[in-house]
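A.B. asks: Supplied in structure tokens, the structure appears directly below.
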Amino acid sequence: MTHLDDTIPPISWREMEAILATMATTETKRLMIRHLVEGTRKQAHFLTPGGVMTELFYIASAMLDAKFSPSTSDTGGSEASSSFSASQP
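Number 27 in the UniProt record's numbering belongs to position 27 of the sequence shown; there are no gaps in the numbering.
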């Protein structure tokens with residue numbers, strides 16, 4: 001049995017998207033959030049809970065990384081969600 005203090009509060013994908021959007025340091029990064037979260041949501045069925053959290057932490061890290069400055073063309077539709085994988089080197 002898991003104690004309440006041993007778990008994190010439940011959060012919806014929409015809430016996670018909003019949190020990550022507040023972390024984005026540029027408008028271009030904010031535009032990417034929807035695609036990145038959607039890609040993670042689609043992968044979630046194939047990942048452990050820890051794996052999902054890892055992917056979300058990778059997205060958060062990218063949003064806060066001052067050296068990461070994607071161009072506007074990187075935010076285009078399904079290309080952004082399918083070509084990005086935070087777990088790749």
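Where is the CB? At the ideal position from N, CA and C, for every residue including glycine.
Once DSSP output is grouped into helix, strand and coil, what is the label at A24?
C.D. replies: Within the sequence shown, the letter at position 24 stands for residue 24. Looking at A24 - three-state DSSP - the assignment turns out to be coil, as it is neither helix nor strand.
A.B. asks: Any chance the segment 58-72 sits against the segment 20-29, with 3 or more Cβ pairs inside 8 Å?
C.D. replies: Yes, since at least three Cβ pairs between the segment 58-72 and the segment 20-29 fall closer than 8 Å, the two stretches touch.
A.B. asks: Just to confirm, is the Cβ distance from D33 to E17 under 8 Å?
C.D. replies: Your numbering for residue 33 matches position 33 in the sequence shown. Your numbering for residue 17 matches position 17 in the sequence shown. As written in the sequence, residue 33 is Ile, which differs from the Asp given in the question. With contacts defined by Cβ atoms closer than 8 Å, I33 and E17 form a contacting pair.
A.B. asks: Grab me the residues of V52's own chain with a C-beta within less than 7 Å of its C-beta, minus the 5 sequence neighbours each way, in chain order.
C.D. replies: Residue mapping note: residue 52 aligns to position 52 of the sequence shown, counting from 1. The answer, listed in chain order, is T40 and A44.
A.B. asks: Can you tell me whether DSSP reads S71 as helix, strand or coil?
C.D. replies: Reading the sequence shown from its first residue, position 71 is the one you call residue 71. Coil.
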